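Worksheet: the structure to be examined is printed underneath.
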């Protein structure tokens with residue numbers, strides 16, 4: 006019998022809103038209100054991204070550096086992640102996503118979250134939602150294991166997300182031909198993974214993904 010795997014994007018697929026800026030706001034409120042003065046710098050980084058002067062990875066690294074500092078102690082990061090997950094689960098997760106996750110679990114699917122968000126805070130969210138595994142953007146670590154504002158490896162976005170999913174399958178000892186895979190996403194950047202999946206689902210799809218899904222005949226779901 007093939008491995009049954011259901012892979013979910015997170016931001017705006019499972020959650021109502023993107024989580025990175027929301028996490029930064031939570032972290033600043035909990036651990037360093039004085040860093041609110043850094044929001045204009047983070048805003049400049051966002052403008053630089055909009056002007057294509059930096060890429061998504063650069064934007065994430067810059068905003069982490071300005072809002073969380075040069076390093077984030079592991080214990081502090083874990084406490085922030087747990088608190089943020091509690092807040093998000095209380096009012097930031099879509100009911101339709103909860104239902105589908107429960108249905109896939111009940112049908113015997115292994116639940117995997119694959120997201121461009123940082124692993125250091127995603128894990129707590131995935132655990133509360135009952136996911137078995139997480140594939141997410143990693144962070145470089147300092148000598149004291151503190152989290153640095155530098156991405157380790159690839160930003161788990163676009164074609165890189167599919168590469169990281171394939172690497173995860175290999176690490177799990179699962180051959181692609183021995184797996185039946187569902188993939189859920191809201192954004193056209195996940196087209197490589199959607200094309201690769203046995204069952205692709207366009208969820209809460211923005212315009213470009215809705216167009217692509219219509220052309221490909223993929224199911225379009227709305228969990229909002």
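Numbering (my numbering), first residue to last: 6 to 229. Idealized CB from N, CA, C, for every residue including glycine. Nothing here was measured: the structure is a model prediction, and the numbers come from that model.
Item to complete: Go to residue 13, then tell me how far its alpha helix (DSSP H) extends in each direction, as first and last residue.
Response: Where residue 13 is concerned, there is no enclosing alpha helix (DSSP H), although the beta strand (DSSP E) it sits in stretches over 8-13.
Discussion item. Assuming contact is defined by CB atoms lying nearer than 9 Å, are residue 199 and residue 221 in contact in what I supplied?
Written reply: Closer than 9 Å, so yes.
Practice prompt. Could you pull out every residue in the same chain whose Cβ sits closer than 6 Å to the Cβ of residue 67, ignoring the five residues on either side in sequence?
Written response: When the five nearest sequence neighbours on each side are left out, the beta carbons in the same chain lying within less than 6 Å of the beta carbon of residue 67 are those of 50, in order along the chain.
Discussion item. Measuring alpha carbon to alpha carbon, tell me which residue in 108, 90 and 165 is nearest residue 119.
Written reply: If we check each option's Cα against that of residue 119, 165 comes out closest.
Item to complete: In the DSSP assignment, find the beta strand (DSSP E) that holds residue 206 and state where it starts and stops.
Response: Element bounds for residue 206: 204-208.
Practice prompt. Determine the closest residue to residue 264 out of 213, 211, 83 and 218, with distance taken between C-alpha atoms.
Written response: Residue numbering for the chain in the displayed model covers 6 to 229; residue 264 lies beyond these limits and cannot be assessed.
Discussion item. Starting from residue 138, trace the beta strand (DSSP E) in both directions and tell me its first and last residue.
Written reply: Counting along the chain, the beta strand (DSSP E) containing residue 138 begins and ends at 138-146.
Worksheet item: Taking the Cβ atom as the reference point for each residue, do residue 186 and residue 19 lie within a distance shorter than 9 Å?
Response: When the beta-carbon positions are compared, residue 186 and residue 19 stay at least 9 Å from each other.
Discussion item. Going by C-alpha to C-alpha distance, which of 36, 105 and 117 sits closest to residue 85?
Written reply: Nearest option by C-alpha distance: 36.
Discussion item. Relative to the C-alpha of residue 228, which candidate in 180, 190 and 195 has its C-alpha closest?
Written reply: Per the Cα distances, 190.
Worksheet item: How would you write the range of the beta strand (DSSP E) that residue 122 sits in, first residue to last?
Response: Annotation for residue 122: the continuous beta strand (DSSP E) segment containing it runs 115-123.
Worksheet item: What is the DSSP secondary structure of residue 180, reduced to helix, strand or coil?
Response: DSSP places residue 180 in coil when its eight states are reduced to three.
Fill in: Beta bridge counterpart(s) of residue 226 as assigned by DSSP
Under DSSP, residue 226 forms a beta bridge with 208.
Discussion item. Helix, strand or coil for residue 24? Go by DSSP, reduced to three states.
Written reply: In this structure, residue 24 counts as coil in the three-state DSSP scheme.
Worksheet item: Within this structure, are the beta carbons of residue 22 and residue 121 separated by less than 9 Å?
Response: 9 Å or more divides the Cβ of residue 22 from the Cβ of residue 121.
Practice prompt. Kindly indicate which residue of 71, 172, 58 and 111 has the alpha-carbon position closest to the one of residue 26.
Written response: When only C-alpha atoms are compared, the closest one is 71.
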